[in-house]
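Take 23 as the starting number for the sequence shown in the numbering used here and just add one per residue.
Take a look at the structure below.
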Amino acid sequence: MKKVNSAKYTCLEVFARQTADGGRVRVLTRKADGSRETLEKPAGANYFAWLKIPLREDTEYEISSEDCEVSLCYLSGGAHPLETGVRYLEKDQADGSFYIVDQTAWYDGPTRETYHFSPWKNWINDPNGLCWFQGYYHMFYQFNPHEQQWSNMYWGHAVSRDLVHWTHLPVVLAPQEEILENQEKVKGGAFSGCAVASDDEVVFYLTRHKGPLQDGEETVEQQWMMQSRDMIRFSEETCVIGQPPQEASFDFRDPKVLRIKERWYMVLGSAIAGQGAILLYESADKKRWEYVCPLVREGKEKIRCFECPDFMELDGKYMVIGAWMEHYDECGRYQMSRYYTGTFKDGEFTVENDGWFDFGSNCYAMQSFEHQGRRISIGWISDFYEEHVPCENGAYGSMTIPRELHIKDGKLYMTPVQEIRALKGKTLYEGKGENIRLPKIEGNAYRAGIRFSENTFFSILLGADGEKSISLVNGEGGLYIVTKGVKSEGVCFKADVEEVRDLEIYVDRRVAEVYVNGGEAAGTKVFYNSSTDGCFALDAETPEHVAWVEVACMKSIWH
């Protein structure tokens, strides 16, 4: 049986569910005198119980499970948890023991991103609680540790010094006990929320959801609050908003909080009279909240509600962002996110301009925060076209490259944070004035930068797998992403730009992110490839207008 050395870790955390009566997790160690010390904990009878087993430092353990299924297992704790993170364990099917897994090898596969954040395995969605606190960037996220599909929600947690390399930390929040015990009839858990960081404390706001399997008037969504001073230990949650205002629907979630002058404001996603709405609350102390009014009401039809709203002051303007739930736009894109820029005075937001947040339709639930004068956002790389390819120990979903936001002439501009440049590796091509063929890019993780002397028609192949392909095309109809042989074929992923002057393209195995004209438009699209070899091919109608091209490999963040 394999042995696990605890090193500087002091806890074993296991999510385990019985497959037969008496299912349990066993931890065994041998004392100096040769005797054995065994600790057993029972798995959950009908749901994954979150077991926490204390360990001694620098001690060898034999860890095994009997008559139970383990979805996630890791070492945690220790003197410097933000630095050491967690160490994941997996089960050896041959002898049933658990062993420490090499992270670099774990993430090295065709369906695992190498420089976008993704969970160790299973389901991830909305980023939550983004903030900078005492030297670290923190990202919490919606998480189902048990399966590669949405289910009752936990909060995962990761930390970074540079916004690029991330360290996994212990799970933070779990669904309510009554939901776990009655999953055949109810659903819910710790839904999305935000963080407000000060010098010595972070305050979190989140939605707790509980309701029937089909959302309806019996659904209950409330806003809760908790605090932390070290981002490892968290206070008990307290309910700060127990029900939606009279005019709003039962969809009432995803709080985002900001300060404007001497007042605190919270925005929530909802709907009013069949129209998507973002609701505005205010507070003097961050604890007692009063409803003010709808901040934004969207007149477009067939929007169930807004989700994951954000509200910020940026470059002398105010901006509101929200996701349109269950909506198809005129291009066939599903659940796009919209931004609105304008002015805010006396509790009233006046829209002056609006546009799509991401034209690729696979970026959802973005959340932003401010640090050292930069407004930084991260979005969930979603899969609304159901193109995910499940595999053993795979991950469903990931996060975009962190983006820096600006408003220019009322329009949103987004560029990758400068820190991502540190991952640039070997240059594969640099030149100009010609079409390009790179048929085999080992690792399928690269960045391409392109400048044009004037607008020209072109097609850029970003991925191919048999009859499937993804391309970026500039033609009579403008600039758009084209997919073939996949479920999103036929959807028009069009960028709102009049011409193309430059491109910044990031391909990371199953993800492509495109930035146009210094951030005038950004598009994110999922594309699965069965190989870790990628490709890049530029065909321009007038190659002499290709002023510069560089294609370079990108290094992994998981070493």
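For every residue, glycine included, the Cβ atom is placed at its ideal position computed from N, Cα and C.
Thinking C-alpha only, which one of Leu-152, Leu-336, Thr-51, Val-208 is nearest Tyr-361?
Sequence index remark: in the sequence shown, residue 361 carries index 339 (1-based). Taking only the C-alpha atoms, the option nearest Tyr-361 is Leu-336.
Q.
For Thr-505, list the residues DSSP reports as bridge partners.
A. Position 483 of the sequence shown, counted from the start, is the residue given in the question as residue 505. Bridge partners of Thr-505: Ile-492.
- Please classify His-168: is it buried, with 16 or more other beta-carbons within 10 angstroms of its beta-carbon, or exposed? Counting from 1 along the sequence shown, the entry for residue 168 is found at position 146. That one is buried.
Does the segment 454-474 come close enough to the segment 558-570 to have 3 or more Cβ pairs within less than 8 Å? yes
### Task
Work out the CA separation of Asp-332 and Ser-292 for me, nearest whole Å.
Here residue 292 refers to the residue found at position 270 when the sequence shown is read from its first residue. Here residue 332 refers to the residue found at position 310 when the sequence shown is read from its first residue. When rounded, the distance between both Cα atoms is 13 Å.
message = For Ile-503 and Arg-396, I'd like the C-alpha separation in whole angstroms.
response = By one-based count along the sequence shown, residue 503 stands at place 481. By one-based count along the sequence shown, residue 396 stands at place 374. Those two C-alpha atoms are separated by around 29 Å.
By the 10 Å Cβ neighbour count, where 16 or more other Cβ atoms means buried, how is Cys-261 classified, buried or exposed?
Taking the first residue of the sequence shown as position 1, residue 261 is located at position 239. Classification of Cys-261: exposed, given that the 10 Å Cβ count is below 16.
DSSP state of His-567, grouped into three classes?
Here residue 567 corresponds to residue number 545 of the sequence shown, with the count starting at 1. Helix at His-567.
Exercise. With C-beta atoms as the reference, is Ala-212 less than 8 Å away from Pro-197?
Worked result: Your numbering for residue 212 matches position 190 in the sequence shown. Your numbering for residue 197 matches position 175 in the sequence shown. Going by C-beta atoms, Ala-212 is nearer than 8 Å to Pro-197.
What are the boundary residues of the beta strand (DSSP E) that includes Leu-195?
Working through the sequence shown from its first residue, we reach residue 195 at position 173. From DSSP, the beta strand (DSSP E) with Leu-195 extends over 188-195.
Worksheet entry | First through last residue of the alpha helix (DSSP H) which encompasses Met-103 | Start at 1 with the first residue of the sequence shown, and residue 103 comes out as number 81. Note that residue 103 corresponds to Pro in the displayed sequence, not to Met. From DSSP, the alpha helix (DSSP H) with Pro-103 extends over 103-106.
Notebook entry, point to check: For Gly-389, which of Trp-402, Gly-382, Asp-380 has the nearest alpha-carbon?
Noted result: Working through the sequence shown from its first residue, we reach residue 389 at position 367. Note on residue identity: the sequence assigns Gln, not Gly, to residue 389. Checked all of Trp-402, Gly-382, Asp-380; the closest Cα to Gln-389 is Trp-402.
Simplified DSSP assignment, three categories, for Thr-126 = Residue numbering aside, residue 126 sits at position 104 when the sequence shown is read from its first letter. If DSSP states are grouped into helix, strand and coil, Thr-126 belongs with the helices.
**OP:** Taking only heavy atoms of the ligand SAH into account, decide whether any of them is closer than 7 Å to the Cβ of Gly-298.
**Re:** Here there are no bound small molecules, and the ligand SAH is not part of this structure.
Excluding the 5 residues flanking Leu-427 on each side, which residues of the same chain have their C-beta closer than 7 Å to its C-beta? For this step, residue 427 is matched to residue 405 along the sequence shown. Once the five neighbours on either side are set aside, the close Cβ partners of Leu-427 are Leu-336, Ser-390, Arg-397, Ser-399, Leu-434, Met-436.
### Query
Helix or strand or just coil, what does DSSP make of Leu-111?
As a first step, residue 111 must be located in the sequence shown, where it is residue number 89. In this structure, Leu-111 counts as strand in the three-state DSSP scheme.
Gln-244, buried or exposed, once every other Cβ within 10 Å from all chains shown has been counted against 16:
Within the sequence shown, numbered from 1, the residue matching residue 244 stands at position 222. Looking at its Cβ environment, which holds 16 or more other Cβ atoms inside 10 Å, Gln-244 is buried.
*Throw me the rounded Cβ distance for the Tyr-129 and Ser-578 pair, which I believe falls under 8 Å.*
As a first step, residue 129 must be located in the sequence shown, where it is residue number 107. As a first step, residue 578 must be located in the sequence shown, where it is residue number 556. Their Cβ separation, rounded to whole angstroms, is 7 Å, which keeps Tyr-129 and Ser-578 in contact under 8 Å.
Nearest candidate by alpha-carbon position, reference Val-12, set Tyr-451, Glu-200, Ser-250, Lys-209: Look at the range of the chain in this structure, 23 to 581, and you will see that residue 12 is not part of it.
**Request:** Using a threshold of 8 Å, state whether the C-beta atoms of Val-92 and Ala-38 are closer than that.
**Result:** Counted from its first residue, the sequence shown places residue 92 at position 70. Counted from its first residue, the sequence shown places residue 38 at position 16. The answer is yes: Cβ separation under 8 Å.
**Q.** Whole runs of the beta strand (DSSP E) within the segment 129-177, excluding any shorter than 3 residues
**A.** 144-155, 158-166
My assumption, with CB atoms under 8 Å, is that Ser-359 sits in contact with Phe-381. Please give the rounded CB distance. By 1-based counting over the sequence shown, the position of residue 359 is 337. By 1-based counting over the sequence shown, the position of residue 381 is 359. Actually they do not touch by this definition, with Cβ atoms about 10 Å apart.
Rounded to whole angstroms, what is the Cα-Cα separation between Thr-449 and Phe-558? The count along the sequence shown starts at 1 and reaches residue 449 at position 427. The count along the sequence shown starts at 1 and reaches residue 558 at position 536. Taking the straight line from one Cα to the other gives about 13 Å.
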